[in-house]
Amino acid sequence: MSTPLVLLHGLSDSGDCWPGVVAHVRDRRVLTPTALGHGGRPLPDVFAISALGADVVATLRDELGSERAVVVGHSMGGLIAQEVALTAPDLVAAVVLVDPAWTAGDVPPGWLADAVAARHTPVEELLAQSRRDDPTWPEDERAPWAAARSGLHPQLAAVPHRWAERDWPASVGEITASGIPVTLVTGDPDRTIVGPSLVARALAAVAEAGPDAARLTVVNLPGTGHSVHRDARPAFLRTLDTVLAST
């Protein structure tokens, strides 16, 4: 039986925001959980990566039992994927980090308030905004992105945020030390979160984990921004296929 695939979305998106991957992967079970505070789900008193990770672990144990999965995470979802691998390594076969939010702090990003305020914006306006701001996205990515706005909790940008609970680049070494391979997907340094210095820190952490640690593979897709998987879908899917073939 093929290894299940788990897709973890970024801040202000939802579990529906992986249409290209879901359509592409047909030989295995795919889970696309929606994070707390998104998609009409309850909002914790503190929006912490540890809480979001525990929520995903509970979902995986309920849905997959003891079966291990390939866990993919974009941006905030990348931090959640790392948290899952660190706290429940028995559930994880491999991790794919798509421009993870390694530089996020404990204050909600300024743009989040605007995203929450767009909860009642007509979808047609949001689609037009998407076409202006992200012209390279495949068309089927736009409607799920726009629809996700309506599901944001109205207080998502108001509660305390805790994103820096770990040294995320360094924790890649902990993940690989437990035998879990990690693939880090990056884009253009001037348009993404994870640039060369953060990549170097992750590579150094894996080297320090010793010769028996699993591998960190770094894949750079030129011409892409923060939503690497949307900006260069075919190249991202080829990268994902390589990971899936090895699990």
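Residue numbers (this note's numbering): -5 to 241. Ideal placement from N, C-alpha and C gives every residue a C-beta, glycine not left out.
Point to revise | Residues sharing a beta bridge with residue 80, DSSP | key: One-based indexing of the sequence shown puts residue 80 at position 86. Residue 80 pairs with nothing; no bridge assigned.
Point to revise | Assigned exposure category for residue 181 - 16 Cβ within 10 Å defines buried | key: Locating residue 181 in the sequence shown gives position 187, counting from the first residue. The residue in question, residue 181, is buried, as its Cβ has 16 or more Cβ neighbours within 10 Å.
Check your understanding: Roughly how far, in whole angstroms, is the beta-carbon of residue 113 from the beta-carbon of residue 69, given that I think they are within contact range, below 8 Å?
Key -> The sequence position of residue 113 within the sequence shown is 119, counting from 1. The sequence position of residue 69 within the sequence shown is 75, counting from 1. Going by Cβ atoms, the distance from residue 113 to residue 69 rounds to 20 Å, so no, they are not a contact pair.
Review point. Who are the near neighbours of residue 51 in its chain, counting only those whose CB is closer than 8 Å to its CB and skipping five residues on each side?
Key: Looking up residue 51 in the sequence shown gives position 57. 78, 81, 82 and 85.
**Study point:** Own chain partners of residue 61 with C-beta closer than 7 Å, once the 5 adjacent residues on each side are dropped
**Key:** Taking the first residue of the sequence shown as position 1, residue 61 is located at position 67. Once the five neighbours on either side are set aside, the close Cβ partners of residue 61 are -2.
Review point. When you compare each of 231, 165, 72 and 34 to residue 242 by their alpha carbons, which one comes out closest?
Key: No statement about residue 242 is possible, as the shown extent of the chain runs from -5 to 241 and does not include it.
Review point. How is residue 236 classed by DSSP in three states: helix, strand or coil?
Key: Numbered from its first residue, the sequence shown carries residue 236 at position 242. Of the three classes helix, strand and coil, the one that applies to residue 236 here is helix, per DSSP.
Practice item. Use the C-beta contact count for residue 200: other C-beta atoms within 10 angstroms, 16 or more gives buried, fewer gives exposed. Key: In the sequence shown, counting from the first residue as 1, residue 200 sits at position 206. Buried.
Review point. Quick one: is residue 191 buried, meaning 16 or more other Cβ sit within 10 Å of its Cβ, or exposed?
Key: As a first step, residue 191 is located in the sequence shown; it is residue number 197 there, counting from the start. Exposed: under 16 other Cβ atoms inside 10 Å.
Practice item. Could you tell me whether the Cβ atoms of residue 63 and residue 46 are closer together than 7 Å? Key: Residue numbering aside, residue 63 sits at position 69 when the sequence shown is read from its first letter. Residue numbering aside, residue 46 sits at position 52 when the sequence shown is read from its first letter. Going by C-beta atoms, residue 63 is not nearer than 7 Å to residue 46.
Review point. So, residue 131 versus residue 188, is the Cβ gap smaller than 7 Å?
Key: Looking up residue 131 in the sequence shown gives position 137. Looking up residue 188 in the sequence shown gives position 194. Contact: no.
Check your understanding: Based on Cα-Cα distance, which residue from 122, 0, 10 and 15 lies nearest to residue 228?
Key -> Within the sequence shown, residue 228 is the residue found at index 234, counting from 1. Among 122, 0, 10 and 15, the Cα nearest to that of residue 228 is on 15.
Exercise for review: Apply the 10 Å Cβ neighbour rule to residue 236 and answer buried if 16 or more other Cβ atoms are within range, or exposed otherwise.
Suggested key: Working through the sequence shown from its first residue, we reach residue 236 at position 242. When all chains shown are included, residue 236 counts as exposed.
Exercise for review: Could you check the C-alpha separation between residue 105 and residue 212 for me, to the nearest Å?
Suggested key: Stepping through the sequence shown from its first residue, residue 105 is reached at position 111. Stepping through the sequence shown from its first residue, residue 212 is reached at position 218. Spanning the two alpha carbons is a distance of roughly 28 Å.
Check your understanding: Quick one: Cα of residue 123 to Cα of residue -5, how far?
Key -> As a position in the sequence shown, residue 123 is number 129, starting the count at 1. As a position in the sequence shown, residue -5 is number 1, starting the count at 1. So the two alpha carbons sit approximately 42 Å from each other.
Review point. Which residue from 204, 194, 186 and 198 puts its Cα closest to that of residue 92?
Key: Translated into positions along the sequence shown, residue 92 becomes position 98. It is 186 whose Cα lies nearest to the Cα of residue 92.
Review point. Do the segment 131 to 142 and the segment 155 to 168 make contact, defined as three or more Cβ pairs closer than 8 Å?
Key: no
Exercise for review: Using beta-carbon positions only, say whether residue 147 and residue 33 come within less than 7 Å of one another.
Suggested key: Counting from 1 along the sequence shown, the entry for residue 147 is found at position 153. Counting from 1 along the sequence shown, the entry for residue 33 is found at position 39. Going by C-beta atoms, residue 147 is not nearer than 7 Å to residue 33.
Review point. Are the beta-carbon atoms belonging to residue 73 and residue 103 less than 7 Å from one another?
Key: One-based indexing of the sequence shown puts residue 73 at position 79. One-based indexing of the sequence shown puts residue 103 at position 109. Between residue 73 and residue 103, the CB-CB gap reaches or exceeds 7 Å.
Check your understanding: Looking only at DSSP bridge pairs, what is residue 197 linked to?
Key -> Residue 197 sits at position 203 when you count from the first residue of the sequence shown. Here residue 197 is not bridged, per DSSP, to any residue.
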